[in-house]
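Chemist: Sequential numbering from 150 applies to the sequence shown in our numbering.
We treat Cβ as the ideally placed atom computed from N, Cα and C, and that holds for glycine.
Only a predicted model underlies this, so the values are computations on that prediction, with no experimental measurement involved.
Quick one: the structure is below, and I'll ask about it shortly.
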Amino acid sequence: MLLQIHDLSIAFPSERGTVLAVKNVSLHIAPGETLGLVGESGSGKSVTALSIMGLLPRPAEVSGNFQFSPTPKLETLKPETCRGKEIAMIFQEPMTSLNPVFRCGYQITEAIRLHQRTTASQAREQALALFGKVKLPDPQRIFRAYPHELSGGQKQRVMIAMALAGQPRLLIADEPTTALDVTVQKAILDLLRELRSDAGLAMLFISHDLGVIAEIADRVLVMRQGEIVEAGSVAQVLENPAHPYTRGLLACRPSLHRKVRRLPTVQDYLNDDTVQPVLVRERETAERRADLLRHSPLLEIKNLSVQYPVRRHFLETGSQWVQALQDVSFEVFPGEIFGLAGESGCGKTTLGRVASRLLQPSEGAVWYRKLNLEALPAKDFRPLRREIQMVFQDPYSSLNPRMPIGEALLEGMRAYQLHGSERRRQEMTAELLKKVGLEADHARRLPHEFSGGQRQRICLARALALEPKLLVCDEVVSALDVSVQADILNLLLDLQRDFGLTYLFVSHDLSVIRQMCDRVLIMRQGRVEALGHPEVLFENPENEYVRALLEAVPGK
150 MLLQIHDLSI AFPSERGTVL AVKNVSLHIA PGETLGLVGE SGSGKSVTAL SIMGLLPRPA
210 EVSGNFQFSP TPKLETLKPE TCRGKEIAMI FQEPMTSLNP VFRCGYQITE AIRLHQRTTA
270 SQAREQALAL FGKVKLPDPQ RIFRAYPHEL SGGQKQRVMI AMALAGQPRL LIADEPTTAL
330 DVTVQKAILD LLRELRSDAG LAMLFISHDL GVIAEIADRV LVMRQGEIVE AGSVAQVLEN
390 PAHPYTRGLL ACRPSLHRKV RRLPTVQDYL NDDTVQPVLV RERETAERRA DLLRHSPLLE
450 IKNLSVQYPV RRHFLETGSQ WVQALQDVSF EVFPGEIFGL AGESGCGKTT LGRVASRLLQ
510 PSEGAVWYRK LNLEALPAKD FRPLRREIQM VFQDPYSSLN PRMPIGEALL EGMRAYQLHG
570 SERRRQEMTA ELLKKVGLEA DHARRLPHEF SGGQRQRICL ARALALEPKL LVCDEVVSAL
630 DVSVQADILN LLLDLQRDFG LTYLFVSHDL SVIRQMCDRV LIMRQGRVEA LGHPEVLFEN
690 PENEYVRALL EAVPGK
């Protein structure tokens with residue numbers, strides 16, 4: 150065995166006592182093997198990985214036995230002789246793992262020279278070779294680029310190249326494809342498989358998505374609340390899961406081939422292991438769509454185009470433009486969930502921002518309730534502003550970290566003088582928090598005191614505080630684990646029913662689109678690629694691009 154861990158326990162002291170994050174975990178990884186580690190956020194997956202790397206903070210209390218061949222005990226090694234050279238790690242969020250003030254090439258050469266005796270020119274050549282190995286386009290440009298100048302998939306490849314700089318034998322990949330679109334995700338998984346095959350790498354692959362694990366792992370361990378609850382080969386665990394928790398993780402993931410009234414959650418399976426989701430019948434779908442078409446469109450996008458200026462060197466003359474959207478047209482009916490799907494950079498988010506008037510189009514028009522928003526003066530648009538709200542992808546960065554969440558909800562209500570009195574606004578804040586599954590006394594807490602799923606619920610409550618008619622949801626579940634994702638998707642359906650909402654639903658996840666949307670617009674490079682009902686587009690895709698997106702979906 151390359152790595153063996155016996156009876157690993159990790160505890161963190163806190164004001165409320167000691168928190169046991171990992172409890173008596175044992176695992177092993179053979180050379181060239183990929184071990185999948187699966188579980189919800191907070192299950193102990195990342196803490197386990199950080200303990201292997203020796204990256205846990207000082208207060209952590211670690212017990213257990215590590216064995217790394219050929220060295221008898223991993224903990225007896227100095228970190229600089231092990232970390233990065235024998236064992237390397239790819240972190241979940243590449244933007245926060247890469248230094249934003251240094252060029253990517255410098256960061257790679259720094260890692261190379263740390264582990265190898267090379268000159269600067271030799272390190273540069275090795276860095277460029279690594280960029281080529283991880284299939285980055287134009288390695289010379291990437292070498293000179295800063296992290297913010299790269300796409301999410303490119304940043305992740307730079308992180309993989311950095312991890313390979315020390316020529317490790319074990320690679321720990323902590324959620325390396327979370328929040329990436331399906332085609333980029335497939336490319337990263339293909340790359341990791343190729344590296345494993347070519348270099349004989351062993352991998353510990355951490356994910357909350359069993360579909361991704363099915364694509365890359367040989368064996369899988371399922372963690373819950375710091376303990377291993379199920380272990381076995383991928384085929385054994387995914388096809389015949391023994392533990393209710395594993396069955397819940399599998400069931401709460403939306404399917405490309407069916408739509409259910411409510412997604413089952415992990416808690417449903419822990420409470421009742423016999424629970425079965427109720428399928429939406431074709432007749433129900435047909436009746437709903439016929440009812441939607443009886444109304445006039447709430448939102449109309451007509452021949453919309455958006456151009457962005459490209460920053461050039463100050464000595465260059467002339468202008469360069471990137472065409473983010475080109476001649477996009479569609480309409481959304483009251484009560485409809487209209488999906489926008491496609492790869493990163495296809496224009497989905499830009500279109501959502503234009504629809505909510507956070508961005509001005511270069512050409513075309515946005516019509517809302519038969520009013521041309523582009524021709525509407527700002528003072529006349531203000532009453533409509535509260536009717537069109539947007540829920541952003543990253544809930545933490547869209548909340549003021551210094552403002553209690555109750556104040557965040559009250560801010561909009563006060564601005565529009567809703568509900569007549571401050572006392573009534575306070576009552577509405579408590580009601581909204583309960584509506585999205587939180588407690589009224591949470592109003593005094595700050596955003597950092599909540600989990601990712603809870604923060605997304607807060608953002609939904611803040612949007613609902615202004616009593617909108619149209620809600621633009623921009624990748625609202627893309628960074629959440631599958632169990633929390635199911636909770637949020639069910640909540641969105643409940644809120645639509647209770648508040649009579651219309652959704653413009655942006656997502657790169659076609660399974661989520663299939664579960665949520667009445668119609669979907671597939672976009673590619675700013676243009677409309679396909680438009681129709683999800684089941685029609687996905688079951689028998691006539692469009693080659695749609696077919697490629699579907700083939701990239703993991704574990705389909």
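Please report the distance separating the alpha-carbon of L152 from that of L370.
Modeler: 15 Å
Chemist: If you check the beta carbons only, do L453 and G513 fall under 7 Å apart?
Modeler: Yes, they are a contact pair.
Chemist: For M552, count the other beta carbons within 10 Å of its own beta carbon; 16 or more makes it buried, fewer makes it exposed. Which is it?
Modeler: Burial call: exposed.
Chemist: Please classify T225: does DSSP put it in a helix, a strand, or coil?
Modeler: Note that T225 scores a pLDDT of 46, beneath 50, so its modelled location is shaky; the value from the coordinates is reported in the next line. Here T225 sits in helix by DSSP.
Chemist: Exposed or buried, which one is T183 when buried takes at least 16 other CB atoms within 10 Å?
Modeler: buried
Chemist: In chain order, which continuous runs of the beta strand (DSSP E) of length 3 or greater are located wholly inside the stretch 622-696?
Modeler: Runs of the beta strand (DSSP E) inside the stretch 622-696: 651-655, 668-673 and 676-681.
Chemist: In the DSSP assignment, the beta strand (DSSP E) including H155 goes from what residue to what residue?
Modeler: L152 to S163
Chemist: May I ask which residues mark the beginning and end of the alpha helix (DSSP H) holding M311?
Modeler: G301 to L313
Chemist: First and last residue of the alpha helix (DSSP H) that includes M552?
Modeler: Looking at the DSSP string, M552 is not in any alpha helix (DSSP H), and its letter there is neither H nor E.
Chemist: Compute the distance between the beta-carbons of M672 and C401, then report whether it is under 7 Å.
Modeler: no
Chemist: Nearest-angstrom Cα distance between M244 and K234?
Modeler: The C-alpha of K234 is placed about 22 Å away from the C-alpha of M244.
Chemist: Using alpha carbons as the reference points, say which of H682, L205 and E379 lies closest to F161.
Modeler: The option with the nearest alpha carbon to F161 is L205.
Chemist: Quick one: what does DSSP say P544 is sitting in, helix, strand or coil?
Modeler: DSSP places P544 outside both helix and strand once states are collapsed to three, so it counts as coil.
Chemist: Would you call L581 buried or exposed, if buried means 16 or more other Cβ atoms sit within 10 Å of its Cβ?
Modeler: buried
Chemist: Starting from E274, follow the alpha helix (DSSP H) in both directions and report where the run begins and ends.
Modeler: A269 to K282
Chemist: Straight-line CA distance for H597 to V386?
Modeler: 35 Å
Chemist: By the 10 Å Cβ neighbour count, where 16 or more other Cβ atoms means buried, how is R657 classified, buried or exposed?
Modeler: First, the residue type needs correcting, since residue 657 is His and not Arg in the sequence shown. So H657 ends up on the buried side.
Chemist: Just the C-alpha distance for E556 and R574, rounded to the nearest angstrom, thanks.
Modeler: 11 Å
Chemist: Between the C-alpha atoms of E624 and R266, what's the straight-line distance to the nearest angstrom?
Modeler: 45 Å
Chemist: Leaving out five residues before and five after K284 in sequence, what residues of the same chain have Cβ atoms less than 8 Å from its Cβ?
Modeler: The residues R306, A336 and L340, in chain order, have a CB closer than 8 Å to that of K284 in the same chain once the five nearest residues on each side in sequence are set aside.
Chemist: Check T423 in the structure and name its three-state DSSP category.
Modeler: Three-state result, T423: coil.
Chemist: In chain order, what are the residue ranges of uninterrupted beta strand (DSSP E) at least 3 long that sit wholly in the stretch 447-510?
Modeler: 448-458, 470-481 and 486-490, all fully within the stretch 447-510.
Chemist: Could you check the C-alpha separation between L226 and E298 for me, to the nearest Å?
Modeler: In this predicted model, L226 has a pLDDT of only 44, less than 50, meaning its place in the structure is not dependable enough to derive any value.
Chemist: Please classify E693 as buried or exposed, where buried requires at least 16 neighbouring CB atoms within 10 angstroms.
Modeler: exposed
Chemist: On a Cα-Cα basis, can you pick out the residue from L398, M539, L686 and K584 that is closest to S190?
Modeler: L398
Chemist: Give a yes or no on whether the C-beta atoms belonging to Q456 and S511 are separated by under 7 Å.
Modeler: yes
Chemist: I'd like to confirm the pairing. Which residues does DSSP put opposite L169 in its beta bridges?
Modeler: A160
Chemist: Express the C-alpha separation of V626 and A435 in angstroms, rounding to a whole number.
Modeler: 27 Å
Chemist: I need the straight-line Cα distance from K519 to L412, nearest angstrom please.
Modeler: 35 Å
Chemist: How many angstroms separate the CA atom of F354 from the CA atom of R318?
Modeler: 14 Å
Chemist: Return the first residue and the last residue of the alpha helix (DSSP H) that L320 is part of.
Modeler: Premise fails: L320 lies in the beta strand (DSSP E), L319 to D323, not in any alpha helix (DSSP H).
Chemist: How is T414 classed by DSSP in three states: helix, strand or coil?
Modeler: coil
Chemist: Using only alpha-carbon positions, find the residue among A312, D287 and L659 that is nearest to G491.
Modeler: L659
Chemist: Where does the unbroken alpha helix (DSSP H) through R345 begin, and where does it stop?
Modeler: V331 to A348
Chemist: Check this for me: beta carbons of Y418 and R396, under 7 Å apart or not?
Modeler: yes
Chemist: Leaving aside the five residues before and after V602 along the sequence, list all residues of the same chain whose C-beta is less than 6 Å from its C-beta, in chain order.
Modeler: Looking at the sequence shown, residue 602 is not Val but Gly. The answer, listed in chain order, is L629 and V633.
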